[in-house]
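> Protein chains in written order, with my numbering: chain Y, 7 to 249; chain P, 320 to 535.
Each residue gets a CB set at the ideal place from its N, CA and C atoms; glycine is no exception.
If you're wondering where the values come from, they're calculated on a predicted model, not measured in any experiment.
Structure provided below as structure tokens; questions to follow.
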Amino acid sequence: MSSNPDHETDLDTLATLVVTGLATDDEARDFEARLADDAAARAALKAARERFLELDTAARPVVPSQGLWARIEAGLTTPGRVEDLSAHRAARRTERLRPLSPRGFWQGFAAASVTAVVTGGLLWASLWPSQPRLLVVLLDAEARPVSIVEALDGQRIRVVPLANIEVPQGRTLQVWTLPDPATGPVSMGLLSSVTATTLTGPPLPEPKREQLYEITIEPTGGSPTGKPTGPIVGKGFAKAPQI
Amino acid sequence: MQARRTRNRERKLCIQTTGLACYGSSRTRADSTKRQAEGMIDYERLLQSCAGGDRAALRSLYDAEAGRLVAVAQRILRRRELAEDVVHDAFIAIWQRAATYDASLGSARAWIYTVVRNRALNAVRDGKREDLRDSAEIEPQDETESIITDAVERLATESRLRGCLERLPPEKRECVLLSYVTGFSHGEIAGRLGIPLGTAKSWVKRGLTALQECMA
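This is the structure we're talking about:
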């Protein structure tokens with residue numbers, strides 16, 4: 007590049023403008039493009055961020071609304087299902103300088119919930135002509151339906167996948183339920199392949215309405231601790247069919 | 320006995336919102352609270368744990384920073400509910416992109432604040448704050464002034480940043496603080512100070528450069 011003596015100053019000022027949000031779209035885009043292979047640009051961005059950080063960390067903290075954490079937690083996706091890396095990297099670049107609009111998440115959530123109910127209903131109608139005891143639609147963190155669980159009795163469940171669940175190599179899917187909080191989570195079995203399967207777990211009391219079912223990703227052979235340790239693929243609460 | 324009952328109740332609530340991961344996470348949370356009290360939070364390690372799917376790590380970051388992050392977003396957006404929406408989205412993004420955190424672009428803590436700040440600035444660009452500013456009742460004239468004054472007064476007295484800010488000529492200092500703390504655009508700074516846009520741009524640039532030289 008040029009050996010302009012003002013080069014470094016320009017870079018620092020540009021980084022500062024990017025950090026304060028005052029850079030123009032073009033400036034931000036050019037700067038972003040330089041980050042990949044320009045160590046000086048990276049150092050300038052780092053210095054600019056650290057220079058102002060104290061103004062943020064010294065801010066007078068407020069007490070966030072009670073439900074804020076619950077809302078965040080409800081929106082967490084499963085890390086095991088992360089999209090391909092290039093899409094990820096593109097998102098990362100966007101995040102650095104030109105964040106995506108914060109809108110849309112709840113709109114998406116609402117739409118996904120409607121889909122879940124409709125899909126769940128249709129599938130249930132075609133798959134179970136006789137009345138099941140309890141049904142669970144397992145949703146992922148974005149409220150997309152990933153599986154239906156039918157509780158057949160205290161020991162057996164039928165699992166029907168509704169989405170293609172990617173299982174990393176050396177991992178397996180494990181199905182859990184929570185018969186009651188004192189007992190804690192109980193494994194109903196492992197899913198070796200993503201097809202409709204009937205699993206037989208340990209003898210448990212008759213499943214109840216609102217009983218929690220969950221599928222997690224665990225090491226092959228199942229969770230080493232006997233309790234869920236891996237990311238949640240989907241979860242849901244048992245409902246009685248209204249027919 | 321009492322403690323166990325409380326834990327069970329907390330766990331019940333946790334299960335409603337989270338799932339079975341609530342089992343086994345309580346100790347991690349207690350530990351994180353302790354570390355926080357000691358002021359020894361390892362943000363980078365917590366981000367790594369988030370990347371590995373550890374929700375308790377995200378919760379630790381939340382416990383440590385959410386109050387300040389909401390405050391930072393609120394200085395920019397003014398309205399609490401908008402600020403919390405931004406922090407909500409930011410935590411989802413932090414969770415999803417924890418693996419992409421790059422230490423060569425700043426500390427892990429700085430990255431977390433950057434995610435929140437960028438989203439807040441973006442929301443302003445979407446016009447969210449303008450709606451508010453049309454109404455003098457909700458945005459009293461001196462609120463901006465008290466926000467930037469408070470921001471400086473909250474800095475430690477021995478802080479280098481504070482020393483450098485206080486050494487700037489008042490109008491340059493105001494430009495710097497309006498741009499960083501309240502997220503004002505050049506146009507908003509010009510409007511507030513009653514100066515032409517070109518002058519605002521030049522004052523901002525000179526203020527930022529002077530600050531940078533003072534701190535170098």
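What's the gap between the Cα of MET534 of chain P and the Cα of ASP373 of chain P?
One C-alpha to the other measures close to 38 angstroms.
> Suppose contacts are defined by Cβ-Cβ distances below 9 angstroms. Is LEU388 of chain P in contact with ILE431 of chain P by that definition?
In contact: LEU388 of chain P and ILE431 of chain P (Cβ atoms closer than 9 angstroms).
> Going along the region 51-65 of chain Y in order, which residues come within less than 9 angstroms of chain C, judged by CB to CB distance?
Absent from the structure: chain C. Protein chains present are Y and P.
> Going by C-alpha distance, which of P:ALA475, P:GLU493, P:GLY446, P:LEU377 is nearest ARG428 of chain P?
For ARG428 of chain P, the nearest C-alpha among the options comes from P:LEU377.
> Rounded to the nearest angstrom, how far is the Cβ of PRO234 of chain Y from that of GLU220 of chain Y, given a contact under 8 angstroms?
Contact flag correct, Cβ pair sits at about 7 angstroms.
> When the Cα of ILE78 of chain Y is compared with those of P:TRP414, P:HIS505, P:VAL434, which residue comes out closest?
Closest by alpha carbon: P:TRP414.
> Ignore the nearest five residues each way along the sequence and tell me which others in PRO135 of chain Y's own chain have a CB closer than 6 angstroms to its CB.
With a pLDDT of only 38 at PRO135 of chain Y, under 50, the local geometry of the prediction cannot be trusted, and the value read off the model is given with reservation. So the list is empty, once near-sequence residues are dropped.
> Would you please verify whether the beta carbon of GLY446 of chain P is less than 9 angstroms from any beta carbon of chain Y?
Not one chain Y Cβ lies under 9 angstroms of GLY446 of chain P.
> I need the boundaries of the alpha helix (DSSP H) containing TYR432 of chain P, first residue and last residue.
Here the alpha helix (DSSP H) through TYR432 of chain P covers 427-444.
> Using a Cβ-Cβ cut-off of less than 9 angstroms, give me the residues of the region 19-33 of chain Y that come near chain P, in sequence order.
Against chain P - using a Cβ distance shorter than 9 angstroms - the residues of the region 19-33 of chain Y are THR19, THR22, LEU23, VAL25, THR26, GLY27, LEU28.
> Below 8 angstroms on the Cβ atoms is my contact criterion, and I expect LEU530 of chain P with VAL495 of chain P to pass it. Report the Cβ-Cβ distance as a whole number of Å.
That belief holds up - the Cβ atoms of LEU530 of chain P and VAL495 of chain P are roughly 6 angstroms apart, short of 8 angstroms.
> Measuring alpha carbon to alpha carbon, tell me which of P:LEU366, P:LEU401, P:VAL500, P:LEU480 ends up nearest PRO70 of chain Y.
It is P:LEU401 whose Cα lies nearest to the Cα of PRO70 of chain Y.
> State yes or no: is the beta carbon of THR463 of chain P nearer than 9 angstroms to at least one beta carbon in chain Y?
So no, THR463 of chain P is outside the interface.
> Helix, strand or coil, according to DSSP, for ARG87 of chain Y in the structure here?
Summary for ARG87 of chain Y: the model assigns pLDDT 38, below 50, so the residue's position carries little reliability; its value from the coordinates is reported in the next sentence. In the structure shown, ARG87 of chain Y sits in a helix (DSSP, three-state: H, G or I).
> I'd like the list of long-range same chain contacts for GLU357 of chain P, defined as Cβ closer than 7 angstroms, with 5 residues on each side in sequence excluded.
The predicted position of GLU357 of chain P is uncertain, since its pLDDT is 39 and thus under 50; no value can be drawn from it.
> Taking the alpha-carbon positions, what's the ASP12 of chain Y to ALA370 of chain P distance?
Residue placement at ASP12 of chain Y cannot be trusted, given a pLDDT of 46 that sits under 50; the coordinates are not used to answer.
> Take the Cβ of SER465 of chain P as the centre, count every other Cβ of all protein chains shown within 10 Å, and call the residue buried at 16 or more, exposed below.
That one is exposed.
> Hey, out of Y:ALA80, Y:ALA76, Y:PRO67, whose CA is closest to ALA390 of chain P's CA?
When only C-alpha atoms are compared, the closest one is Y:PRO67.
> Kindly give me the distance between the Cβ atoms of LEU145 of chain Y and VAL152 of chain Y, rounded to whole angstroms, as I take these residues to be in contact under 8 angstroms.
Right, their Cβ atoms sit about 7 angstroms apart.
> Which runs of the alpha helix (DSSP H), 4 residues or longer, sit entirely within the region 363-431 of chain P?
Within the region 363-431 of chain P, the complete alpha helix (DSSP H) runs of at least 4 residues are 374-396, 399-416.
> Answer with buried or exposed for LYS241 of chain Y, where buried requires no fewer than 16 other C-beta atoms within 10 angstroms of its C-beta.
That one is buried.
> Could you tell me which chain Y residues have their CB closer than 8 angstroms to the CB of THR518 of chain P, listed as they occur along the chain?
Going along chain Y, no residue has its Cβ under 8 angstroms from THR518 of chain P, so there is no contact; the nearest lies around 15 angstroms.
> Which one of P:TYR420, P:ARG492, P:ALA409 has the shortest CA to CA distance from ARG364 of chain P?
Comparing Cα-Cα distances from ARG364 of chain P to each of P:TYR420, P:ARG492, P:ALA409, the minimum goes to P:TYR420.
> Could you tell me how far apart the beta carbons of GLU224 of chain Y and GLY232 of chain Y are, in whole angstroms, since I believe they sit closer than 8 angstroms?
Contact flag wrong, Cβ pair sits at about 10 angstroms.
> Give a yes or no on whether the minimum CB-CB distance between ALA509 of chain P and chain Y is below 9 angstroms.
So, not an interface residue.
> Please name the residues in the region 233-248 of chain Y whose beta-carbon is closer than 8 angstroms to at least one beta-carbon of chain P, in chain order.
Those would be LYS233, PRO234, THR235, GLY236, PRO237, ILE238, LYS241, in chain order.
> Under 8 angstroms between beta-carbons, which chain P residues line up against VAL69 of chain Y? List them in chain order, please.
Those within 8 angstroms of VAL69 of chain Y in chain P are GLY386.
> Ignore the nearest five residues each way along the sequence and tell me which others in VAL192 of chain Y's own chain have a CB closer than 7 angstroms to its CB.
Counting only Cβ-Cβ distances below 7 angstroms, and skipping sequence neighbours, we find TRP182, THR183, PRO185, GLY207, PRO208, LEU210.
> Considering Cα atoms alone, identify which of P:VAL471, P:LYS491, P:GLU490 is closest to GLY482 of chain P.
Checking every option, the nearest Cα to that of GLY482 of chain P belongs to P:VAL471.
> Under a three-way DSSP split, which group does GLU156 of chain Y fall into?
Looking at GLU156 of chain Y - three-state DSSP - the assignment turns out to be strand.
> Hey, is ILE411 of chain P's beta-carbon within less than 9 angstroms of any beta-carbon in chain Y?
It does; some Cβ of chain Y falls within 9 angstroms.
> Enumerate in chain order the residues of its own chain whose CB-to-CB distance from LEU516 of chain P is below 8 angstroms, with the five nearest sequence positions on each side excluded.
Excluding residues within five positions, the ones whose Cβ falls inside 8 angstroms are HIS505, GLY506, ALA509.
> Is there a Cβ from chain Y that is less than 9 angstroms from the Cβ of TYR362 of chain P?
By this cut-off, TYR362 of chain P is not an interface position.
> Excluding sequence positions up to five away, which residues of its chain have a Cβ less than 8 angstroms from the Cβ of THR228 of chain Y?
According to the sequence displayed, residue 228 of chain Y carries Gly and not Thr. Only THR178, GLN180, SER193, LEU196 meet the Cβ criterion.
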